[in-house]
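K.L.:
Numbering (full-length UniProt numbering), first residue to last: 1 to 208.
1) Hey, how far is the Cα of residue 192 from the Cα of residue 171?
2) Indicate the three-state DSSP secondary structure (helix, strand or coil) for residue 8 in the structure shown.
3) Would you decide whether residue 120 is buried or exposed? Buried here means 16 or more other CB atoms lie within 10 Å of its CB.
4) So for residue 63, helix, strand or coil by DSSP?
5) Closest to residue 80 by C-alpha separation, out of 111, 57, 117 and 62, would be which residue?
6) Give me the Cα-Cα distance between residue 42 and residue 95, rounded to the nearest whole angstrom.
7) Pull up the distance between the alpha-carbon of residue 212 and that of residue 91, whole angstroms please.
8) Report the rounded CA-to-CA distance for residue 11 versus residue 73, giving the unit in angstroms.
9) Go to residue 91, then tell me how far its alpha helix (DSSP H) extends in each direction, as first and last residue.
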């Protein structure tokens, strides 16, 4: 409540509760505690608003992360600390559990592959002081992200302009390869390429 009052003061919100006249109601011996009349407006706010709001918030947070916790139980063996502390048998058992859970997407051969993966990555975990599984993903995908994907998209933006909006996929792919491998394409003998192309066209159009 004190933190709520400070937050209200910061936001310039009135945090005082006005006293209202309490109606005198005859009490009976079989009445429940829910029927009690609050004399202090602050206590009434705590009981009717503040505590119920905290209960709802607590339940919603638990429900929100329940599914994530369920998924984490299957993938937790891939965390760096788990790799360092678990044996190969425990690692294979966890991988087998994951393969059985997602049998339509993951082959049972993952058990042997995952042990090889562990033996390869453990050295990097110790050397690079990796503590999160996302760091392993960044380490494994670094070359692909920075050298392949980004270069491909930047070249695609240069090639497929509004003047070439109707270009076919095959021609676009060929131009993209030439643009990406520009160093090699510049070394080509264009005269020789043109002659081969013309000979090929003549053979195709030669009448029977």
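Here a beta-carbon is modelled for each residue, glycine too, at the ideal position from N, C-alpha and C.
Just so you know, these numbers come straight off a predicted model, no measurement behind them.
P.N.:
Reading from the atomic positions:
1) Locating residue 192 in the chain shown gives position 192, where the first residue counts as 1. Locating residue 171 in the chain shown gives position 171, where the first residue counts as 1. Rounded to the nearest angstrom, the two C-alpha atoms are 21 Å apart.
2) As a position in the chain shown, residue 8 is number 8, starting the count at 1. The answer is helix: DSSP assigns residue 8 an H, G or I state.
3) The sequence position of residue 120 within the chain shown is 120, counting from 1. It is exposed - the Cβ of residue 120 has fewer than 16 other Cβ atoms within 10 Å.
4) What you label residue 63 is simply residue 63 of the chain shown in a count that begins at 1. Correct three-state label for residue 63: helix.
5) Residue numbering aside, residue 80 sits at position 80 when the chain shown is read from its first letter. With distances taken between Cα atoms, residue 80 lies closest to 117.
6) In the chain shown, counting from the first residue as 1, residue 42 sits at position 42. In the chain shown, counting from the first residue as 1, residue 95 sits at position 95. So the alpha carbons of these two residues sit roughly 55 Å apart.
7) Residue 212 is absent from the structure shown; the chain starts at 1 and stops at 208.
8) If you number the chain shown from 1, residue 11 lands on position 11. If you number the chain shown from 1, residue 73 lands on position 73. The straight-line gap from Cα to Cα measures roughly 42 Å.
9) The sequence position of residue 91 within the chain shown is 91, counting from 1. DSSP places residue 91 in the uninterrupted alpha helix (DSSP H) bounded by 88 to 101.
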